[in-house]
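Trainee: Structure incoming, see below.
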């Protein structure tokens, strides 16, 4: 992601998971194994987890609820174990790579 990129927000959940491009999606629209960041635990309340650089989660199961695992903690929590399909997540890894390239020369 670079300055000037447009971030789109999607609301529909297709029967076949989408190939994520880096926008905001309902978690039910994404395939298992997708790395996500900035996700909400209550619909419409905004992102509460994985909001800082280098933090992310991985979608690990589908069904009535979509499960995710916080990568920095490597354990399951009750909050991320029951995400409904309509919860919005941001499909992009947030990191320091661009910052480090600019400021370490």
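In this note's numbering, the protein residues as written are 139 to 243.
We treat Cβ as the ideally placed atom computed from N, Cα and C, and that holds for glycine.
(1) Need the endpoints of the beta strand (DSSP E) that residue 163 sits in, please.
(2) Check whether the Cβ atoms of residue 168 and residue 178 lie closer than 7 Å to each other.
(3) Beta-carbon within less than 8 Å of residue 150's beta-carbon, same chain only, minus the 5 sequence neighbours each way: which residues are those?
(4) Relative to the C-alpha of residue 161, which candidate in 182, 183 and 176 has its C-alpha closest?
(5) Mapping the DSSP letters down to three states, classify residue 185 as helix, strand or coil.
(6) Using the C-alpha atoms, what's the distance from residue 229 back to residue 245?
Mentor: According to the structure data:
(1) 162–164
(2) no
(3) 164 and 167
(4) 176
(5) coil
(6) Lying outside 139 to 243, the shown extent of the chain, residue 245 is not represented and no answer is given.
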